[in-house]
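Heads up: the structure comes next, in structure tokens.
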Amino acid sequence: MSKTVFEKKEKDICVEILRIIGMMIVVFVHVKPGDYVGGAPDIGRIALSAILADGVPIFWFILGFFLFRKKMDWEDVLKRTIIRIFIPLLLYSL
Numbered sequence: 115m116s117k118t119v120f121e122k123k124e125k126d127i128c129v130e131i132l133r134i135i136g137m138m139i140v141v142f143v144h145v146k147p148g149d150y151v152g153g154a155p156d157i158g159r160i161a162l163s164a165i166l167a168d169g170v171p172i173f174w175f176i177l178g179f180f181l182f183r184k185k186m187d188w189e190d191v192l193k194r195t196i197i198r199i200f201i202p203l204l205l206y207s208l
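Per this note's numbering, residue 115 is the first one in the sequence shown, and the count goes up by one each step.
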């Protein structure tokens with residue numbers, strides 16, 4: 115039986131957990147204090163910055179998961195990207 119547009123897709127819990135972790139990391143990056151205390155670097159804060167630096171790569175990982183979930187070749191991905199992103203971007207910019 116084919117799926118219609120209105121049917122809900124089942125969510126992958128692992129992807130949702132990664133999304134929550136990535137979101138929390140991005141929030142922590144924006145609220146964490148600076149790496150320097152009194153003009154000198156604080157090792158603990160620098161270590162925290164290194165741990166929190168992985169927020170954006172997690173979102174890229176999720177994007178790649180959804181982008182390459184279907185068996186598509188590069189030409190199809192490029193064509194779909196141009197149609198869905200670059201043409202609306204060009205029209206919006208004009």
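Here a beta-carbon is modelled for each residue, glycine too, at the ideal position from N, C-alpha and C.
Bear in mind that the values here come from a model prediction, so they are computed numbers and not experimental data.
For residue i, which residues of its own chain have a beta-carbon under 6 Å away from its beta-carbon, when the five flanking residues on both sides are left out?
| i | result |
| --- | --- |
| R159 | D149 |
Counting only the same chain and skipping the five closest in sequence on each side, list residues whose C-beta sits under 8 Å from that of residue i.
| i | result |
| --- | --- |
| I176 | V129, L132, R133, G136 |
Please go through the same chain and pick out, in chain order, the residues whose beta-carbon is closer than 7 Å to the beta-carbon of residue i, but skip the five residues on each side of it.
| i | result |
| --- | --- |
| V140 | G169 |
| V143 | L166, G169 |
Could you please give the first and the last residue of the uninterrupted alpha helix (DSSP H) stretch that includes residue i?
| i | result |
| --- | --- |
| I199 | That residue, I199, is in no alpha helix (DSSP H); it is neither H nor E in DSSP. |
| L166 | 157 to 166 |
My guess is that residue i and residue j are in contact by the Cβ rule of under 8 Å, so how many angstroms apart are they, rounded?
| i | j | result |
| --- | --- | --- |
| L166 | K185 | Contact doesn't hold; Cβ gap of about 35 Å is too wide. |
Check whether the segment 157 to 173 touches the segment 187 to 196, taking contact to mean three or more Cβ pairs, one atom from each stretch, closer than 8 Å. The way I'd put it, the segment 157 to 173 doesn't touch the segment 187 to 196; fewer than three beta-carbon pairs between them come closer than 8 Å.
In chain order, each alpha helix (DSSP H) run of at least 4 residues that lies wholly inside the segment 123 to 148: 127 to 145
What are the complete alpha helix (DSSP H) segments, minimum 4 residues, inside the segment 169 to 194? Along the segment 169 to 194, the alpha helix (DSSP H) occurs as fully enclosed runs of 4 or more residues at 169 to 181, listed in sequence order.
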